[in-house]
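Novice: Numbering (the working numbering), first residue to last: 51 to 630.
All residues carry an ideal CB built from backbone N, CA and C; glycine is no exception.
No experiment lies behind these values; they were computed from the predicted model shown.
Take a look at the following structure, please.
Here you go:
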């Protein structure tokens, strides 16, 4: 704007200067022309008087810077002081004609002999002839050159005008540039700009209100999406992420606002997003085996004004659902297999008895086999029912929760396994000081947990071995520990012994009547009570399993279950009580 005002101001100055120059030179030219005409007339009158007294001789002796031509009454040239040839008849020329008719005449025209613009002045003599003087207007131009100082002065005025125009433009715009667009009414400015300033203030108020409204809506949108468990991604037409909530960043790392979805998403997700940007709805399941995670992705196109403008992508963590489905299938397969084995044995023994193929002296033995297999099947079914109840119970019925003395529960469990221990000369010991150590829990589940730990410690012990049970009240919580001197668990199997139906040595487990569900019941019981489990074992030395119950108000620890066995040596292994 400064440049525009500067050029406009300078243009006005130049226009005024040019007008003044035209007027000045016009007046100067007119004055010079009049002076030249007067001088020519005076010389012409003098020449006419001289001709009247001396004739041609006067003209020949006359010294003048003008061209002098003496013309007869008939138009013939009697004398000419100029270099050109003007011998033709001159009576038809305007100045000669006027002089013959009125006594004098003058005119400005281009000379035929010299080709220059010339002023002619003719005067009639007493004898009827005409004397004519002429002078080239170059002399007039020369006179104008004498005013060159004025021209230089005009140039100087031009530069001064330019400087003043620039300064004036800056001064005019200074108050305008000083206006604070955020608070335009705070600065004083030209009264003529008051409507503009008021308009700017109104626009600022409108913009602030809209910004506040947009900010409020953005916060509401962010709060809404961040509170969603599902991941939410909004893509523009080019696949750039416009918005992403925290769940989306967790489920699909790197897919944050401003990033390209293709740069961070896995290939199946890219294909789904591409379909959505083409106007087609897509739904896929992403399985990340390394992280044991399953994500359901739903991509929908977004239209605006009848045109595709982007896509909305929802991601749902369905890991637990998929894991439960996998466990359900595995559990069904394992239950079918585990139930089929004793049923097959029972069916086989019964068929032999039915066909009379068993000697009478071995009938009792076969009946005992049938009894043991049926008892094994009953035990298996009972353990399955217990696990099902634990799965369905969740946090348990509030009416079942009570104060339980773990020391008493541990002693009862030892008493239950004592007959089996005595058969193998296994020494059972409870390490306690006689004080009560109480926790809040479900007595039935706690008793089952301790019994299974003690039962395993006896079954997988060595003849003449030891089983020690202790209950301690520590700062981190109440710790129940069952330690045996048995065969131990190879390190590669430690992370799987809490799985349903998992056995390290299947033949030995069947021999001692194990169902493969005891430690799984312990794990689910720990989950119910928010407890953590730690396992330490060495082959040929023994196994120690500790269950830590958090104190009231204390959050249970979250322990990660390793996905694959790791090589020796790692002295202690902890499992999450919240994982399957």
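Inspect the beta-carbon positions of residue 121 and residue 205 and report whether they are closer than 8 Å.
Specialist: The residue given as residue 121 occupies position 71 in the chain shown. The residue given as residue 205 occupies position 155 in the chain shown. Cβ distance not < 8 Å, so residue 121 and residue 205 don't count as in contact.
Novice: Can residue 153 and residue 185 be called in contact, C-beta distance under 8 Å?
Specialist: To locate residue 153, count along the chain shown from 1; it is residue 103. To locate residue 185, count along the chain shown from 1; it is residue 135. Going by beta carbons, residue 153 and residue 185 fall outside the 8 Å limit.
Novice: Find out if the Cβ-Cβ distance for the pair residue 588, residue 538 is shorter than 8 Å.
Specialist: Taking the first residue of the chain shown as position 1, residue 588 is located at position 538. Taking the first residue of the chain shown as position 1, residue 538 is located at position 488. Yes, they are a contact pair.
Novice: My guess is that residue 527 and residue 599 are in contact by the Cβ rule of under 8 Å, so how many angstroms apart are they, rounded?
Specialist: Counting from one through the chain shown, the residue named residue 527 turns up at place 477. Counting from one through the chain shown, the residue named residue 599 turns up at place 549. The Cβ separation is near 5 Å, so the contact holds.
Novice: Could you work out which residue in 511, 601 and 451 is closest to residue 591 when comparing CA atoms only?
Specialist: Walking along the chain shown from the start, residue 591 turns up at place 541. Nearest C-alpha to residue 591: 511.
Novice: State buried or exposed for residue 209, treating a residue as buried only when at least 16 other CB atoms are found within 10 Å of its CB.
Specialist: Reading the chain shown from its first residue, position 159 is the one you call residue 209. Exposed.
Novice: What number of angstroms, rounded off, separates the C-alpha of residue 567 from the C-alpha of residue 536?
Specialist: As a first step, residue 567 must be located in the chain shown, where it is residue number 517. As a first step, residue 536 must be located in the chain shown, where it is residue number 486. C-alpha separation (whole angstroms): 19 Å.
Novice: Could you check what DSSP says for residue 169 in three-state terms: helix, strand or coil?
Specialist: Here the question's residue 169 lines up with position 119 in the chain shown. It is a strand residue.
Novice: Which term fits residue 50, buried or exposed, when burial requires 16 or more other beta carbons within 10 angstroms of its beta carbon?
Specialist: In the structure displayed, the chain extends from 51 to 630; residue 50 sits before or after that span and is not available.
Novice: So, residue 498 versus residue 398, is the Cβ gap smaller than 8 Å?
Specialist: Counting from 1 along the chain shown, the entry for residue 498 is found at position 448. Counting from 1 along the chain shown, the entry for residue 398 is found at position 348. No, Cβ-Cβ distance for residue 498 and residue 398 is not below 8 Å.
Novice: Helix, strand or coil for residue 123, going by three-state DSSP, please let me know.
Specialist: By 1-based counting over the chain shown, the position of residue 123 is 73. Coil.
Novice: Given a threshold of 16 other Cβ atoms within 10 Å of its Cβ, counted over all protein chains shown, does residue 558 qualify as buried or as exposed?
Specialist: Position 508 of the chain shown holds residue 558. At residue 558 the pLDDT is 48, less than 50, meaning the model places this residue with poor confidence; the figure from the coordinates comes in the next sentence. Counting every other CB atom within 10 Å of its CB across the protein chains shown gives residue 558 a total below 16, marking it as exposed.
Novice: Whole angstroms is fine: what's the gap from residue 68's alpha carbon to residue 156's?
Specialist: Position 18 of the chain shown, counted from the first residue, corresponds to residue 68. Position 106 of the chain shown, counted from the first residue, corresponds to residue 156. One C-alpha to the other measures close to 32 Å.
Novice: Exposed or buried, what is residue 570 when buried is set at 16 or more other beta-carbons lying within 10 Å of its beta-carbon?
Specialist: Stepping through the chain shown from its first residue, residue 570 is reached at position 520. Label assigned to residue 570: buried.
Novice: Residue 119 and residue 182 look like a contact to me (Cβ under 8 Å); what is the Cβ gap, rounded to whole Å?
Specialist: Reading the chain shown from its first residue, position 69 is the one you call residue 119. Reading the chain shown from its first residue, position 132 is the one you call residue 182. The distance from the Cβ of residue 119 to that of residue 182 is about 5 Å, consistent with a contact at the 8 Å cut-off.
Novice: Answer yes or no: do residue 283 and residue 363 have a C-beta to C-beta separation smaller than 8 Å?
Specialist: By 1-based counting over the chain shown, the position of residue 283 is 233. By 1-based counting over the chain shown, the position of residue 363 is 313. Yes. Within cutoff.
Novice: What residue from 479, 505, 478 and 460 has the CA that sits closest to residue 486's CA?
Specialist: Here residue 486 refers to the residue found at position 436 of the chain shown. Comparing Cα-Cα distances from residue 486 to each of 479, 505, 478 and 460, the minimum goes to 460.
Novice: Taking a contact to mean a Cβ-Cβ separation below 8 Å, would you say residue 482 touches residue 504 in this structure?
Specialist: The residue given as residue 482 occupies position 432 in the chain shown. The residue given as residue 504 occupies position 454 in the chain shown. Against a cut-off of 8 Å, the Cβ pair of residue 504 and residue 482 comes out as no contact.
Novice: To the nearest angstrom, report how far apart residue 166 and residue 212 are at their CA atoms.
Specialist: Along the chain shown, read from residue 1 onward, the residue named residue 166 stands at position 116. Along the chain shown, read from residue 1 onward, the residue named residue 212 stands at position 162. As the crow flies, the alpha-carbon of residue 166 is around 39 Å from that of residue 212.
Novice: When we look at the beta-carbon of residue 597 and count the other beta-carbons within 10 Å, is it buried (16 or more) or exposed?
Specialist: Reading the chain shown from its first residue, position 547 is the one you call residue 597. Result: buried.
Novice: Which whole-angstrom value is the C-beta distance of residue 280 and residue 366, which I expect to be below 8 Å?
Specialist: The residue labelled residue 280 in the question sits at position 230 within the chain shown. The residue labelled residue 366 in the question sits at position 316 within the chain shown. With 8 Å as the limit, residue 280 and residue 366 qualify as a contact, their Cβ atoms being about 5 Å apart.
Novice: Which term fits residue 612, buried or exposed, when burial requires 16 or more other beta carbons within 10 angstroms of its beta carbon?
Specialist: As a first step, residue 612 is located in the chain shown; it is residue number 562 there, counting from the start. Note that residue 612 scores 33 on pLDDT, short of 50, meaning its location in the model is unreliable; the coordinates nonetheless yield the value given after this. Under this definition residue 612 is an exposed residue.
Novice: Please name the residue in 259, 62 and 573 whose C-alpha comes closest to that of residue 216.
Specialist: By 1-based counting over the chain shown, the position of residue 216 is 166. Checking every option, the nearest Cα to that of residue 216 belongs to 62.
Novice: Across which residues does DSSP place residue 346 in a beta bridge pair?
Specialist: What you label residue 346 is simply residue 296 of the chain shown in a count that begins at 1. BP columns for residue 346 point to 335 and 366.
Novice: Residue 573: buried (16+ other C-beta within 10 angstroms of its C-beta) or exposed?
Specialist: In the chain shown, residue 573 corresponds to position 523, counting from 1. When all chains shown are included, residue 573 counts as buried.
Novice: Measure the C-alpha to C-alpha separation of residue 371 and residue 301 and round it to an integer number of angstroms.
Specialist: By one-based count along the chain shown, residue 371 stands at place 321. By one-based count along the chain shown, residue 301 stands at place 251. Distance from the CA atom of residue 371 to the CA atom of residue 301, rounded to whole angstroms, is 16 Å.
Novice: Mapping the DSSP letters down to three states, classify residue 129 as helix, strand or coil.
Specialist: Along the chain shown, one-based indexing puts residue 129 at 79. Strand, per DSSP.
Novice: Quick one: what does DSSP say residue 472 is sitting in, helix, strand or coil?
Specialist: By 1-based counting over the chain shown, the position of residue 472 is 422. Of the three classes helix, strand and coil, the one that applies to residue 472 here is helix, per DSSP.
Novice: With respect to the beta strand (DSSP E) encompassing residue 533, which residues constitute its N-terminal and C-terminal limits?
Specialist: Walking along the chain shown from the start, residue 533 turns up at place 483. If you look at residue 533, you'll find it in the beta strand (DSSP E) that goes 527-534.
Novice: Based on Cα-Cα distance, which residue from 128, 472 and 218 lies nearest to residue 107?
Specialist: As a working mapping, residue 107 is identified with position 57 in the chain shown. The candidate whose alpha carbon is nearest that of residue 107 is 128.
Novice: Quick check: is any heavy atom of the ligand PLP less than 7 Å from the C-beta of residue 142?
Specialist: The ligand PLP is not among the ligands present in this structure, which contains no ligands whatsoever.
Novice: Just grab the DSSP bridge partners of residue 282 for me.
Specialist: Here residue 282 is taken as the residue at index 232 of the chain shown, counted from 1. DSSP lists 364 as partners of residue 282.
Novice: Classify residue 548 as helix, strand or coil using the three-state DSSP reduction.
Specialist: Start at 1 with the first residue of the chain shown, and residue 548 comes out as number 498. In the structure shown, residue 548 sits in coil (DSSP, three-state: anything other than H, G, I, E or B).
Novice: Within 10 Å of its beta-carbon, does residue 307 have 16 or more other beta-carbons around it, so buried, or fewer, so exposed?
Specialist: Position 257 of the chain shown, counting from 1, holds the residue named residue 307. Label assigned to residue 307: exposed.
Novice: By Cβ distance below 7 Å, which residues in the same chain neighbour residue 466 in space, the five residues on each side in sequence not counted?
Specialist: Along the chain shown, read from residue 1 onward, the residue named residue 466 stands at position 416. Closer than 7 Å at Cβ, skipping near neighbours: 501.
Novice: Quick one, which of 332, 355, 352 and 354 has its alpha-carbon nearest residue 346's?
Specialist: If you number the chain shown from 1, residue 346 lands on position 296. The shortest Cα separation from residue 346 among 332, 355, 352 and 354 belongs to 332.
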